[in-house]
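Participant: For the sequence shown, position 21 (counting from the first letter as 1) is numbered 21 according to the UniProt record's numbering, and the numbering increases by one without interruption.
From the three backbone atoms N, C-alpha and C, an ideal C-beta is built for every residue, glycine too.
Computed from a predicted structure; not experimentally measured.
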Amino acid sequence: MPFVVVSGLSGSGKSTALRTLEDAGFFITDNLPPELWGAMHDLVQARGLTRVAISADARTRDFLSALDDSYLRLSRRREDLRVLFLEANDDVLLQRYNFTRREHPLGENLMFDFARERELLSPLRAIADTVIDTTALSAKELAAQILRVFRLEHDFHLRLMSFGFKYAPPRDADLVLDVRSLPNPYYDPALRPKTGLQPDVAAYALQGESSEQFYADLRNFVRVAAERARSSGRHGYTVAIGCTGGQHRSVAVAARLAHDLADLNVDIMDHRDMKDHAHE
């Protein structure tokens, strides 16, 4: 996995690039002077970190005189050293600055600052392996391009959990589903002490054509919601399925969803309120 140096013009998308790499499991250090690149390399090596990205830009202008020597020494130790440089045209940079109302790090007239910054960072651009012009790119499109450039998998996990409404829904779920309309195994004395993980309980909860259709609609909705979350750049999506006590129906539905939606990298986070014996 490469050791990545991220640089570029202010307003060109460096924050998006760093967030994208961080979401992909990179250890991130922002605004690191070139003279410290070697020390950072040794530190992360000692910690066993394999995904590392650092940034250097106009904010480190007082230290850029050491760029050539620092880059040369690090490139001798890391054959996979990569430099990513981001840029955009002045009109777009100006629009972005007017939108965010941030102050340019060089702190004078913006159009003058852009020109000075291009000259200041020209040595970094010259050593870049990849230059991305973000003029016409949204943040989402830039993130996708960075993932492609570094051949990073966009890991996505659909997280499922069951719960009982009598104990309150979880606060950290993206989507809460109510399956209390399904037949309740609690009312069968033989099933009451069991859980929705057992086949006879699951069969009872999902008996009949109407229950199967309800489950099919619910499954399809969860898939659509999760896939939209993934396409928007999310790395995870949490769905909480609730019944009355969290022992039978919600557990059975969560377990079946985990099987049917396995292609979405499903994790069963927790059967939060499932106990050895039902209390519904």
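Assign MET274 to one of two classes, buried (16 or more other C-beta atoms within 10 Å of its C-beta) or exposed (fewer than that).
Facilitator: Position 274 of the sequence shown, counted from the start, is the residue given in the question as residue 274. So MET274 ends up on the buried side.
Participant: Tell me which residues share the same chain as ASP129 and place their Cβ nearer than 6 Å to its Cβ, disregarding the 5 neighbours each side in the sequence.
Facilitator: As a first step, residue 129 is located in the sequence shown; it is residue number 129 there, counting from the start. The residues are ARG82, VAL83.
Participant: With DSSP collapsed to three states, give me the class of ALA46.
Facilitator: Residue numbering aside, residue 46 sits at position 46 when the sequence shown is read from its first letter. If DSSP states are grouped into helix, strand and coil, ALA46 belongs with the helices.
Participant: I need the DSSP call for GLY164, collapsed to helix, strand or coil.
Facilitator: Your numbering for residue 164 matches position 164 in the sequence shown. Reduced to three states, the DSSP call for GLY164 is strand.
Participant: Alpha carbons only, please: which of ALA262, PRO183, VAL6, GLY246 is nearest the one belonging to ARG223?
Facilitator: To locate residue 223, count along the sequence shown from 1; it is residue 223. Closest option to ARG223, Cα to Cα, is ALA262.
Participant: Going by DSSP in three states, HIS259 sits in which element: helix, strand or coil?
Facilitator: As a first step, residue 259 must be located in the sequence shown, where it is residue number 259. Helix.
Participant: Which residues in the same chain have their Cβ closer than 6 Å to the Cβ of ALA24, if we skip the five residues on either side of it in sequence?
Facilitator: The residue given as residue 24 occupies position 24 in the sequence shown. Cβ neighbours of ALA24 beyond the five flanking positions: LEU152.
Participant: Answer with buried or exposed for ALA56, where buried requires no fewer than 16 other C-beta atoms within 10 angstroms of its C-beta.
Facilitator: Along the sequence shown, read from residue 1 onward, the residue named residue 56 stands at position 56. The residue in question, ALA56, is buried, as its Cβ has 16 or more Cβ neighbours within 10 Å.
Participant: Whole angstroms are fine: how far does the CA of SER162 sit from the CA of VAL179?
Facilitator: Counted from its first residue, the sequence shown places residue 179 at position 179. Counted from its first residue, the sequence shown places residue 162 at position 162. So the two alpha carbons sit approximately 10 Å from each other.
Participant: Quick check on ALA53: does DSSP put it in helix, strand or coil?
Facilitator: Here the question's residue 53 lines up with position 53 in the sequence shown. Strand, per DSSP.
Participant: Within its chain, find whatever has a CB closer than 6 Å to the CB of ILE146; leave out the 5 residues flanking it on each side and keep chain order.
Facilitator: As a position in the sequence shown, residue 146 is number 146, starting the count at 1. Closer than 6 Å at Cβ, skipping near neighbours: ALA17, THR20.
Participant: Rounded to the nearest angstrom, what separates THR134 and ALA88 at their Cα positions?
Facilitator: Here the question's residue 134 lines up with position 134 in the sequence shown. Here the question's residue 88 lines up with position 88 in the sequence shown. For THR134 and ALA88, the distance between alpha carbons rounds to 5 Å.
Participant: From this set, GLY8, MET40, ARG272, ASP267, which residue's C-alpha is nearest LEU158's C-alpha?
Facilitator: In the sequence shown, residue 158 corresponds to position 158, counting from 1. Taking only the C-alpha atoms, the option nearest LEU158 is ASP267.
Participant: Three-state secondary structure (DSSP) at HIS277?
Facilitator: Within the sequence shown, residue 277 is the residue found at index 277, counting from 1. Here the model assigns HIS277 a pLDDT of 49, short of 50, so the residue's position is not dependable, and the following value carries that caveat. Note: HIS277 maps to coil in three-state DSSP.
Participant: If distances are taken between C-alpha atoms only, which option among ALA226, ALA168, PHE114, LEU43 comes closest to PHE3?
Facilitator: Position 3 of the sequence shown, counted from the first residue, corresponds to residue 3. Taking only the C-alpha atoms, the option nearest PHE3 is LEU43.
Participant: Taking only the alpha-carbon atoms, compute the straight-line gap between PHE165 and SER250 and give it to the nearest angstrom.
Facilitator: Taking the first residue of the sequence shown as position 1, residue 165 is located at position 165. Taking the first residue of the sequence shown as position 1, residue 250 is located at position 250. Cα to Cα, the separation comes out at about 10 Å.
Participant: Under the DSSP definition of a beta bridge, which residues are partnered with GLY8?
Facilitator: One-based indexing of the sequence shown puts residue 8 at position 8. For GLY8, which the question treats as bridged, DSSP gives the partners LEU86.
Participant: Using a Cβ-Cβ cut-off of 6 Å (strictly less than) and excluding sequence neighbours within five positions of VAL176, which residues of its own chain qualify?
Facilitator: On the sequence shown, residue 176 is found 176 positions in, with the first residue counted as 1. Excluding sequence positions up to five before and after VAL176, its CB lies within less than 6 Å of the CB of PRO169, ALA240, all in the same chain and listed in chain order.
Participant: Taking DSSP's pairing of strands, which residues face GLY236 in a bridge?
Facilitator: For the purposes of this step, residue 236 is identified with residue 236 of the sequence shown, where counting begins at 1. In DSSP, GLY236 forms a bridge with HIS157.
Participant: Would you mind working out which of HIS248, GLU22, GLU212, SER181 sits nearest GLN198, comparing C-alpha positions?
Facilitator: Within the sequence shown, numbered from 1, the residue matching residue 198 stands at position 198. If we check each option's Cα against that of GLN198, HIS248 comes out closest.
Participant: Within 10 Å of its beta-carbon, does ARG230 have 16 or more other beta-carbons around it, so buried, or fewer, so exposed?
Facilitator: The count along the sequence shown starts at 1 and reaches residue 230 at position 230. With 16 or more other Cβ atoms within 10 Å, it is buried.
Participant: Can you tell me which of GLY236, ALA136, LEU218 puts its alpha carbon nearest to the alpha carbon of ASP172?
Facilitator: Reading the sequence shown from its first residue, position 172 is the one you call residue 172. Cα-wise, what sits closest to ASP172 is GLY236.
Participant: How many Å lie between LEU218 and ILE28 at the Cα?
Facilitator: For the purposes of this step, residue 218 is identified with residue 218 of the sequence shown, where counting begins at 1. For the purposes of this step, residue 28 is identified with residue 28 of the sequence shown, where counting begins at 1. For LEU218 and ILE28, the distance between alpha carbons rounds to 39 Å.
Participant: Are the Cβ atoms of ALA58 and GLU117 separated by less than 8 Å?
Facilitator: Here residue 58 refers to the residue found at position 58 when the sequence shown is read from its first residue. Here residue 117 refers to the residue found at position 117 when the sequence shown is read from its first residue. ALA58 places its beta carbon less than 8 Å from that of GLU117.
Participant: Pull the bridge partners of HIS271 from the DSSP assignment, please.
Facilitator: Here residue 271 refers to the residue found at position 271 of the sequence shown. Answer is SER162, bridged to HIS271.
Participant: Between ARG47 and MET1, what straight-line distance do the alpha-carbon atoms span, to the nearest angstrom?
Facilitator: Here residue 47 refers to the residue found at position 47 when the sequence shown is read from its first residue. Here residue 1 refers to the residue found at position 1 when the sequence shown is read from its first residue. The alpha-carbon atoms of ARG47 and MET1 are separated by roughly 15 Å.
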